[in-house]
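Below is one structure, written out as structure tokens; the observations come after it.
2 protein chains.
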Amino acid sequence: MNLGKITAKTASLDPGREALVDVPNDRRISYGDLDERIRRLANALRSDLGLAKGNRVAILSKNCIQYMEVFYGVARCGLIALPLNWRLSEAELVRLLQDGEPAVFIVSAEYRELAARLQGQIDVQKLIIFADDPEDDYERLLASASPEEPSSSATVTGDDPVLILYTGGTTGLSKGALHTHHSLYMGMINQTVAERIVPTDVYMLTGQMFHIPVALAMNYMAHGCPVVLINFEAQLALEVIQRERVSAFLGITTMINWMMAVEGFQEYDLSSLRNFQYGGGPMPRSVVEAAMAAFPCTLIQGYGQTEGMTMTFLSQEDHQDALAGVHPERLSSCGRPGFVTEVQVVDPEGQPVPRDGQTPGEIIVCSEANMVGYWRRPELTAETLRDGWLWTGDIAVWDEDGYVFIVDRAKDMIISGGENIYSTQVEAAIHQHPAVLESAVFGVPDDTWGEAVKAVVVLKPGQEASAADIIEVASQHLASYQKPKSVDFVEALPKAPTGKILKRELRDPYWQVEERSV
Amino acid sequence: MNLGKITAKTASLDPGREALVDVPNDRRISYGDLDERIRRLANALRSDLGLAKGNRVAILSKNCIQYMEVFYGVARCGLIALPLNWRLSEAELVRLLQDGEPAVFIVSAEYRELAARLQGQIDVQKLIIFADDPEDDYERLLASASPEEPSSSATVTGDDPVLILYTGGTTGLSKGALHTHHSLYMGMINQTVAERIVPTDVYMLTGQMFHIPVALAMNYMAHGCPVVLINFEAQLALEVIQRERVSAFLGITTMINWMMAVEGFQEYDLSSLRNFQYGGGPMPRSVVEAAMAAFPCTLIQGYGQTEGMTMTFLSQEDHQDALAGVHPERLSSCGRPGFVTEVQVVDPEGQPVPRDGQTPGEIIVCSEANMVGYWRRPELTAETLRDGWLWTGDIAVWDEDGYVFIVDRAKDMIISGGENIYSTQVEAAIHQHPAVLESAVFGVPDDTWGEAVKAVVVLKPGQEASAADIIEVASQHLASYQKPKSVDFVEALPKAPTGKILKRELRDPYWQVEERSV
């Protein structure tokens, strides 16, 4: 098992088949050409630059073909990829680069100046800039390297580390989840089974490539499918689905909402769609119904973490059943364990909590798709991976059939007057108001109750509602202590590049918490 | 990865779901009950009988629920299953048991006397008879064992051996292909992707459980599907598909032919079928067309060996394309590599032969689904597994897109007048005569040419043809030197329990070859 050889099979069998469609840079590349460039890059890194097995190669770029080449080229020859989130501050990037200690740092021209500044603060053997130009560092390196299969590719085993993904920037100090060829591959198997991938699929990658969903795109490539790269924007996504005959993609709830809100949505030809997966939390029932009516395909929901890839799925049949009135409440569930995965919801001693749909516990996951640990964080690794189980920090209840309902991130729980309040429950209630597009609920300091429930709401375009309206509707679905005490209206919520709402940015000003010095 | 825990997930999530339908013995068992019996068996073997990790457990029985329990129970606690072909001679069974050295021998009541005789000739710690009777050895063993999860199950890793499948009885001295939990699991991944398994499937196991296709049934169980066990008979198979709402099965060409020939075929409700896989050689185009019209589902073809499970597949789309006139010749191909598999067609030095559809070479396979070796046959293992590649002994050509066309088993090639003649090509030509149901072509001694091409033919019921008719039709599709020199007509061809034609039994009398002393 060498993930870096994923492109080799299709390059051999169907060399002319389209591998990547790079929409932002208006480029396309076939499997045959891509695989040759990957071999050249691997040879350049190991033979020409002299890197040793296990050395790290960092990359800083928006989505593009070269980014995917770096993933595969690095994997092909036994190195470790270290993709960086370009939204991080310079100080945080320095910290990650000092932690990951890459031997080589590959950067798109857009970040040339930033990279030069970073280079002054870290110890990196070589900085390589690419600019879609035959004379750039990267192209010259490839041109002078051998196109043969690198001899190092045969020495790679499934247990070799291949990827460090930094995570946790929104909830605490970043740490690098370390994956091997095997762990990523097993995560792909989970996805293959859940998404029911077929070789005729065309996949659109909606997320940024420094996040775990990039493994989904690599998985479609393992099936010989073309992958379309975009920087997500709702109208663009619809245009690309129509033009490239996209059959599958991953969308967080907000993306789906925005796509359906695009003017003239009905006019787009979306008939190529076969299935899409949504994540980042359950979709409100009204949105699922709207999506199933609007998109001519099946839906699944996935729940995962960088540490374990996608761990549970709400299946195609679960969605159909729920809309037909069989266990409709399961639309609020993130489903059941993936094909290669075991899941438990447990108390702090690791004993499963009752499957009563009421008793909260922590989600723990046993899977060969789990990371092997945090990079250079043995204590944190030992806390998180115990006896083969990944402790996710996510709080859930589960029902008698093992469907998992996430109630909150462990750290996001609000405690008001001694009662635990899970913000997702409050958000779900707020979404019962038809004018609500998005919401974020969190706790703010309160002299009487310790914490008070605050909601920040984005209304749908052209719609109106008052704070009192929102609280009244939400109150119909909540216990009195759970209802929001205050509601603020904003134009947009702060979000990570994945689309995940950065609740911390909303909450922290109220708490005047001491930000880590970045 | 512990294959013995395949039933545990569904037992936990859907304990009442049907796991096995045992048609021959008219019994059914749920995942919850099955998993408990598996845990009891594992505890009985390790704790009560004191077996050590890696000990072998032999089983001799026709298809039944207990057989599946033995597979899983043995795997669950780190032992190795050694299933025996009940069609073998007593002397051959003794040889295999001496080779495999099982500590325990589990036998259905049908083979009680045979087992007693065998026990006199081998050194086995315990013989366990089962008879679907609460007072039989097996049930008493289970009743007295703990139903808890065996402590040994957590010590099993993917690299532990789990199954010895004896193979080669039709072409030479039997040898035991040794599979690990991981190799079988990776073979299942190949099948999962190729068959596009969904959790709503119902699988019918048409083969006997001492053969590699049993892993397909276990795979459907890994997806939580019910598996229906039968001893194949065409009319029964149709009745069972209708009654149990079977969605998938594996049928060799002959089975499909016989099913379509059942009187009143049109009256059966086969609407539950989603896909079936055929193997044991390509189906003639006329049969594929008839099958696609007769069965309301997709078809795939698989090619495999006990040593590597299913290695190549001709996909659903390949069939549809071929019938639509796109590469119709590929209906004679066994397709392209499975998801986890690499395939090459090579010359004796291991160099790929040209992809010209003409140059024969040997099929070699690199896959984590390959066996890890032959049991206690290091020399044969070294000959067969070289640098991670399995040398199959099968001769094929491949086309420019990597589609593999098997021309013959290496040992079945006919050499006549210095020309290589591949019997499958001759058989395909013979099948152009509409009266031909089955055929077997092989070489017989010829003073002038070294070998002469002989055909043995079974005609369709109620149809007639002469030897001259057959030769004339075949000649239209063959070079002169390839056409049969003689044709014999028989009522039936000798076959292995899998349905594979035992060409050796037809050919050997002509060659008076020295049979091994069994």
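In order, the protein sequence lines correspond to chains B and W.
The first sequence maps to residues 1 to 518 in my numbering.
The second sequence maps to residues 1001 to 1518 in my numbering.
Note that the Cβ used here is the ideal one computed from N, Cα and C, for glycine as well.
Owing to the predicted nature of the structure, the values given are computational and were not obtained by experimental measurement.
- Taking C-alpha positions only, leucine 1229 of chain W is separated from arginine 336 of chain B by approximately 28 Å.
- Per DSSP, glutamine 1476 of chain W lies in no alpha helix (DSSP H) and is assigned neither H nor E.
- Threonine 200 of chain B has a beta carbon lying within less than 8 Å of a beta carbon in chain W.
- Nearest to glutamate 1018 of chain W by alpha-carbon distance, out of W:Met1186, W:Pro1024, W:Asp1035 and W:Asn1025, is W:Asp1035.
- The Cβ-Cβ distance between phenylalanine 1210 of chain W and asparagine 1085 of chain W falls below 8 Å.
- Counting along the chain, no alpha helix (DSSP H) covers alanine 145 of chain B, and no H or E run does either.
- Taking 8 Å as the threshold, the shortest C-beta distance from proline 1282 of chain W to chain B does not fall below it.
- A direct Cα-Cα distance of roughly 10 Å separates aspartate 469 of chain B from serine 475 of chain B.
- Less than 8 Å divides the Cβ of glutamate 368 of chain B from the Cβ of histidine 182 of chain B.
- With contacts defined as CB atoms closer than 8 Å, glycine 4 of chain B and tryptophan 375 of chain B fail to qualify as a contacting pair.
- A direct Cα-Cα distance of roughly 31 Å separates isoleucine 471 of chain B from isoleucine 363 of chain B.
- At a cut-off of 8 Å, the C-beta of aspartate 14 of chain B has a neighbouring C-beta in chain W.
- Straight across, the Cα-Cα distance linking aspartate 1347 of chain W with aspartate 1318 of chain W is about 27 Å.
- Using a CB distance cut-off of 8 Å, aspartate 1159 of chain W does not count as an interface residue toward chain B.
- Between the stretch 1428-1438 of chain W and the stretch 1379-1388 of chain W, the count of C-beta pairs closer than 8 Å stays below three; the two stretches do not touch.
- When rounded, the separation of the alpha-carbon atoms in leucine 323 of chain B and tyrosine 67 of chain B is 40 Å.
- Residue-level contact by beta carbon holds for glutamate 317 of chain B and chain W, with a gap shorter than 8 Å.
- Residue environment: aspartate 123 of chain B is assigned as exposed (fewer than 16 neighbouring CB atoms within 10 Å of its CB, all protein chains considered).
- Among the residues of the stretch 359-373 of chain B, those with a Cβ less than 8 Å away from any Cβ of chain W are Glu368, in the order of the chain.
- Close CB contacts of aspartate 321 of chain B within its chain, under the 8 Å cut and outside five residues either way in sequence, are with His327 and Arg330 (chain order).
- Below the 8 Å Cβ cutoff, chain W contributes Lys1009 as neighbours of glutamate 342 of chain B, in chain order.
- When only Cα atoms are considered, phenylalanine 313 of chain B and cysteine 1077 of chain W end up about 29 Å apart.
- Note on geometry: alpha-carbon atoms of lysine 503 of chain B and lysine 1053 of chain W lie some 52 Å from one another.
- With a beta-carbon spacing of about 22 Å, valine 1441 of chain W and tryptophan 1398 of chain W fall beyond the 8 Å limit used to define contacts.
- If the five residues before and after arginine 40 of chain B are omitted, its C-beta is found closer than 6 Å to the C-beta atoms of Leu142, Ala145 and Pro147, all from its own chain and listed in chain order.
- In the pairwise beta carbon analysis, the stretch 109-124 of chain B is classified as not touching the stretch 241-253 of chain B: fewer than three pairs are separated by under 8 Å.
- Residue range 423-430 is occupied by the alpha helix (DSSP H) that includes threonine 424 of chain B, with no beta strand (DSSP E) assigned at that position.
- Among the residues of chain W, those whose CB is under 8 Å from the CB of methionine 1 of chain B are Glu1368, following chain order.
- Here the alpha carbons of tyrosine 31 of chain B and threonine 7 of chain B stand approximately 6 Å from one another.
- Excluding sequence positions up to five before and after methionine 283 of chain B, its CB lies within less than 8 Å of the CB of Thr253, Ile256, Ala291, Gln301 and Leu331, all in the same chain and listed in chain order.
- Along the length of the stretch 316-395 of chain B, whole alpha helix (DSSP H) runs at least 4 residues long occupy 316-323 and 378-384, reported in chain order.
- For aspartate 401 of chain B, the nearest beta carbon of chain W is closer than 8 Å to its own beta carbon.
- For valine 227 of chain B, the closest Cβ of chain W is not nearer than 8 Å.
- If you check each beta-carbon in the stretch 180-198 of chain B against every beta-carbon of chain W, the ones closer than 8 Å belong to Ile189, Thr192, Val193, Arg196, Ile197 and Val198.
- Taking a contact as a CB-CB distance under 8 Å, the pair glutamine 1482 of chain W and isoleucine 1421 of chain W counts as one, their CB atoms being some 5 Å apart.
- Across the structure, cysteine 64 of chain B and lysine 495 of chain B are spaced so that their CA atoms are roughly 22 Å apart.
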